[in-house]
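Chemist: Counting from 13, one number per residue, gives the positions in the sequence shown under our numbering.
We put the CB at the ideal spot given by N, CA and C, even for glycine.
Since the model is a prediction, treat every value here as computed from it, not as a measurement.
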Amino acid sequence: MTNIIGLLGNEAESLLGHVCQGIPKESLHTPGPDFVDRVVALNDRKPGVLRNLQALYNHGRLAKTGYLSLLPVDQGVEHSAGASFAPNPMFFDPENIVRLAIEGGCNGVASTLGVLGMVARRYAHKIPFILKLNHNELLTYPNSFDQTLFASVDQAFDMGACAVGATVFYGSEQSRRQIQEISEAFAHAHDLGMVTILWAYTRNSAFKTKDKDYHVSADLTGQANHLAVTIEADIVKQKMAENNGGYTELKFGKTSAKVYGELTTHHPIDLVRYQVANCYMGRVGMINSGGASGKDDLQQAVRTAVINKRAGGMGLISGRKAFQKPFAEGIQLLNAIQDVYLSKEVTIA
13 MTNIIGLLGN
23 EAESLLGHVC
33 QGIPKESLHT
43 PGPDFVDRVV
53 ALNDRKPGVL
63 RNLQALYNHG
73 RLAKTGYLSL
83 LPVDQGVEHS
93 AGASFAPNPM
103 FFDPENIVRL
113 AIEGGCNGVA
123 STLGVLGMVA
133 RRYAHKIPFI
143 LKLNHNELLT
153 YPNSFDQTLF
163 ASVDQAFDMG
173 ACAVGATVFY
183 GSEQSRRQIQ
193 EISEAFAHAH
203 DLGMVTILWA
213 YTRNSAFKTK
223 DKDYHVSADL
233 TGQANHLAVT
243 IEADIVKQKM
253 AENNGGYTEL
263 KFGKTSAKVY
273 GELTTHHPID
283 LVRYQVANCY
293 MGRVGMINSG
303 GASGKDDLQQ
313 AVRTAVINKR
323 AGGMGLISGR
333 KAFQKPFAEG
343 IQLLNAIQDV
353 YLSKEVTIA
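(1) Can you give the beta carbon distance from Pro99 to Val131, rounded, assuming they're within the 8 angstroms contact cut?
(2) CB-CB under 7 angstroms to Asn256, same chain, minus the five flanking residues each way: which ones, in chain order?
(3) Is the beta carbon of Ala212 sitting closer than 8 angstroms to the one on Tyr259?
(4) Are there 16 or more other CB atoms within 10 angstroms of the CB of Lys58, so buried, or fewer, so exposed?
(5) Could you name the residues that DSSP lists as bridge partners for Pro84?
(6) Between the stretch 291-300 and the stretch 260-267, do three or more beta carbon pairs fall short of 8 angstroms?
(7) Looking at the secondary structure, which residues open and close the beta strand (DSSP E) in which Lys222 lies?
(8) Looking at the secondary structure, which residues open and close the beta strand (DSSP E) in which Tyr226 lies?
(9) Between the C-alpha atoms of Ser92 and Ser164, what's the straight-line distance to the nearest angstrom?
(10) Does the beta-carbon distance from Ala122 to Ile142 come in below 8 angstroms?
(11) What is the rounded straight-line gap between the Cα of Asn290 and the Cα of Ser39?
(12) Residues bridged to Gly297 by DSSP?
(13) Taking the Cβ atom as the reference point for each residue, do Pro280 and Ile319 lie within a distance shorter than 8 angstroms?
(14) At a cut of 8 angstroms, does the stretch 143-152 reach the stretch 165-180 through at least three beta carbon pairs?
(15) Threshold first: 3 residues or longer. Then list the beta strand (DSSP E) segments lying entirely within the stretch 143-210, N to C.
(16) Taking 8 angstroms as the threshold (C-beta atoms), are Arg322 and Val358 in contact?
(17) In its own chain, which residues sit with a C-beta less than 6 angstroms from the C-beta of Lys245, not counting the 5 before and 5 after it?
(18) Report the rounded CA-to-CA distance for Leu354 versus Val31, giving the unit in angstroms.
(19) In terms of residue numbering, what span does the alpha helix (DSSP H) encompassing Gly18 cover?
(20) In whole angstroms, what is the alpha-carbon distance linking Gln312 and Ser305?
(21) Find out if the Cβ-Cβ distance for the pair Val116, Gly342 is shorter than 8 angstroms.
(22) Which partner residues of Leu328 appear in the DSSP bridge assignment?
(23) Buried or exposed: which applies to Gln159, given that a residue is buried once 16 or more other Cβ atoms fall within 10 Å of its Cβ?
(24) In this structure, what does DSSP give as the bridge partners for Tyr213?
(25) Considering Tyr69, what are the terminal residues of the alpha helix (DSSP H) in which it resides?
(26) Rounding to the nearest angstrom, what Cα-Cα distance links Asn22 and Leu28 in this structure?
(27) Smallest Cα separation from Arg188: which of Ala168, Asp225, Thr214?
(28) Go to Tyr272, then tell me how far its alpha helix (DSSP H) extends in each direction, as first and last residue.
(29) Measure the alpha-carbon distance for Thr4 versus Val52 and round it to whole angstroms.
(30) Would you identify the three-state DSSP class for Asn256, choosing helix, strand or coil?
(31) Less than 8 angstroms separating the beta-carbons of Ser301 and Lys249?
(32) Going by DSSP, which residues form a beta bridge with Phe141?
(33) With H, G and I counted as helix, E and B as strand and the rest as coil, what does DSSP make of Glu357?
(34) My understanding is that Val110 touches Gly331, with C-beta atoms under 8 angstroms, so please give their C-beta distance in whole angstroms.
(35) Nearest by alpha-carbon distance to Ile243: which of Asp223, Asp56, Leu19, His41 is it?
(36) How far does the alpha helix (DSSP H) with Pro280 in it reach, from first residue to last?
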């Protein structure tokens, strides 16, 4: 097992000993082996959705824990294939993406129509597929930050995917159209028995000031989560909150002083707890993204997993930190993330 305390270093006591006071754990619907029966079965989802969601929970090293470790590799569209795969060219081949997810013990693999379609007959029955429906592509010049549908729900169903994923850029000029498109797509996916996962990202140049990037503020990302569950996302993918006060500093929208004075503190677990609270107090699972690859990837991945789990989150979806490394190192990093969720010593704060 991974040495979690050793990797956390000087932060170990703060991260492992913290107790959330503003939104206590007793108010959450926490992950667990019975999550589908205890929480999801109460809603309006069809039996096929419950079956496919349970299939996600029952796969990989985290099977039957109620937690998720997902491998997302759709960065070739937005970030460019060269920027994404040149560090490890074997991942230009879609089969190696799926192999990494399987050998890395993931619950599922999320990727594009082209990637998953290329290997569907060999692997769709071996690991749950999550087909990402829309993307932002930056070959267009000048760049335009928008989400475009690259695939349909029917194509996902035909290839045997258990879930569809999509991104909405909340806060962008195009967000209202994206909300409508994805709401309709998610309704169709549910009709066909597929799970829905939303990348609920904030995106507006005004959200980043010279002093701070409020794209990762707890209050703005929390509201993005609330909008995501409003269109019936079954799982929400969100960047981990790193600060707070986007509404108050940017002076727009509506909020409450209690968000900052009572419900949250500056502690990273409290900030992420607020993100979880906006997912209907955990009735919809929230997974955090692993972020870009860089220095100390193993330590950063374990830190992110600890914060997510202790905040009441449902897991981690980590891509570049894993696939931009040699294959064996990518597996090691994914396994380290999973070890956090398997650890009985890392509890909900």
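Modeler: Taking the geometry as given:
(1) Taking the sequence shown and counting its residues from 1, the one referred to as residue 99 is at position 87. Taking the sequence shown and counting its residues from 1, the one referred to as residue 131 is at position 119. The Cβ separation is near 22 angstroms, so there is no contact.
(2) Counted from its first residue, the sequence shown places residue 256 at position 244. The answer, listed in chain order, is Ser229, Ala230, Asp231, Tyr272, Thr276, Leu283.
(3) Residue mapping note: residue 212 aligns to position 200 of the sequence shown, counting from 1. Residue mapping note: residue 259 aligns to position 247 of the sequence shown, counting from 1. No.
(4) Your numbering for residue 58 matches position 46 in the sequence shown. When all chains shown are included, Lys58 counts as exposed.
(5) What you label residue 84 is simply residue 72 of the sequence shown in a count that begins at 1. Answer by DSSP bridge pairing, in chain order: Ala122.
(6) no
(7) Here the question's residue 222 lines up with position 210 in the sequence shown. Element bounds for Lys222: n/a, residue is neither H nor E.
(8) As a working mapping, residue 226 is identified with position 214 in the sequence shown. That residue, Tyr226, is in no beta strand (DSSP E); it is neither H nor E in DSSP.
(9) Residue 92 sits at position 80 when you count from the first residue of the sequence shown. Residue 164 sits at position 152 when you count from the first residue of the sequence shown. Rounded to the nearest angstrom, the two C-alpha atoms are 22 angstroms apart.
(10) In the sequence shown, the residue the question calls residue 122 occupies position 110. In the sequence shown, the residue the question calls residue 142 occupies position 130. Contact: yes.
(11) Residue numbering aside, residue 290 sits at position 278 when the sequence shown is read from its first letter. Residue numbering aside, residue 39 sits at position 27 when the sequence shown is read from its first letter. Using only the alpha carbons, I get a separation of about 12 angstroms.
(12) The residue labelled residue 297 in the question sits at position 285 within the sequence shown. Beta-bridge pairing links Gly297 to Ile247.
(13) Taking the sequence shown and counting its residues from 1, one reaches residue 280 at position 268. Taking the sequence shown and counting its residues from 1, one reaches residue 319 at position 307. Yes.
(14) yes
(15) Taken in chain order, the unbroken stretches of beta strand (DSSP E) that lie wholly in the stretch 143-210 and span 3 residues or more are 175-182.
(16) Taking the sequence shown and counting its residues from 1, one reaches residue 358 at position 346. Taking the sequence shown and counting its residues from 1, one reaches residue 322 at position 310. It is a contact, given that the beta carbons lie within the stated cut-off.
(17) Here the question's residue 245 lines up with position 233 in the sequence shown. As written in the sequence, residue 245 is Ala, which differs from the Lys given in the question. Around Ala245: Thr208, Leu210.
(18) Within the sequence shown, residue 354 is the residue found at index 342, counting from 1. Within the sequence shown, residue 31 is the residue found at index 19, counting from 1. Distance between the alpha carbons of Leu354 and Val31 is about 20 angstroms.
(19) Here residue 18 is taken as the residue at index 6 of the sequence shown, counted from 1. Where Gly18 is concerned, the enclosing alpha helix (DSSP H) stretches over 16-20.
(20) Here the question's residue 312 lines up with position 300 in the sequence shown. Here the question's residue 305 lines up with position 293 in the sequence shown. Between the C-alpha atoms of Gln312 and Ser305 there is a straight-line separation of about 10 angstroms.
(21) Counting from 1 along the sequence shown, the entry for residue 116 is found at position 104. Counting from 1 along the sequence shown, the entry for residue 342 is found at position 330. Checking the displayed sequence, the identity of residue 116 turns out to be Gly instead of Val. Cβ distance < 8 angstroms, so Gly116 and Gly342 count as in contact.
(22) As a first step, residue 328 must be located in the sequence shown, where it is residue number 316. Checking the DSSP bridge columns, you'll see Leu328 partnered with Ser81, Asn300.
(23) Your numbering for residue 159 matches position 147 in the sequence shown. Buried, by the Cβ-count rule.
(24) By 1-based counting over the sequence shown, the position of residue 213 is 201. Per DSSP, the beta bridge partners of Tyr213 are Phe181.
(25) Looking up residue 69 in the sequence shown gives position 57. Unbroken alpha helix (DSSP H) run through Tyr69: 59-69.
(26) If you number the sequence shown from 1, residue 22 lands on position 10. If you number the sequence shown from 1, residue 28 lands on position 16. Roughly 11 angstroms between the two C-alpha positions.
(27) Locating residue 188 in the sequence shown gives position 176, where the first residue counts as 1. Comparing Cα-Cα distances from Arg188 to each of Ala168, Asp225, Thr214, the minimum goes to Thr214.
(28) Position 260 of the sequence shown, counting from 1, holds the residue named residue 272. No alpha helix (DSSP H) holds Tyr272; DSSP gives it neither H nor E.
(29) Since the first and last residues shown for the chain are 13 and 361, residue 4 lies out of range.
(30) Looking up residue 256 in the sequence shown gives position 244. Correct three-state label for Asn256: coil.
(31) Looking up residue 301 in the sequence shown gives position 289. Looking up residue 249 in the sequence shown gives position 237. A contact, by the Cβ cut-off of 8 angstroms.
(32) Taking the sequence shown and counting its residues from 1, one reaches residue 141 at position 129. According to DSSP, which records beta bridges pairwise, Phe141 is partnered with Val121.
(33) The sequence position of residue 357 within the sequence shown is 345, counting from 1. Of the three classes helix, strand and coil, the one that applies to Glu357 here is coil, per DSSP.
(34) The sequence position of residue 110 within the sequence shown is 98, counting from 1. The sequence position of residue 331 within the sequence shown is 319, counting from 1. The pair is not a contact, with the Cβ atoms about 13 angstroms apart (cut-off 8 angstroms).
(35) If you number the sequence shown from 1, residue 243 lands on position 231. Among Asp223, Asp56, Leu19, His41, the Cα nearest to that of Ile243 is on Asp56.
(36) Here residue 280 is taken as the residue at index 268 of the sequence shown, counted from 1. Here the alpha helix (DSSP H) through Pro280 covers 280-289.
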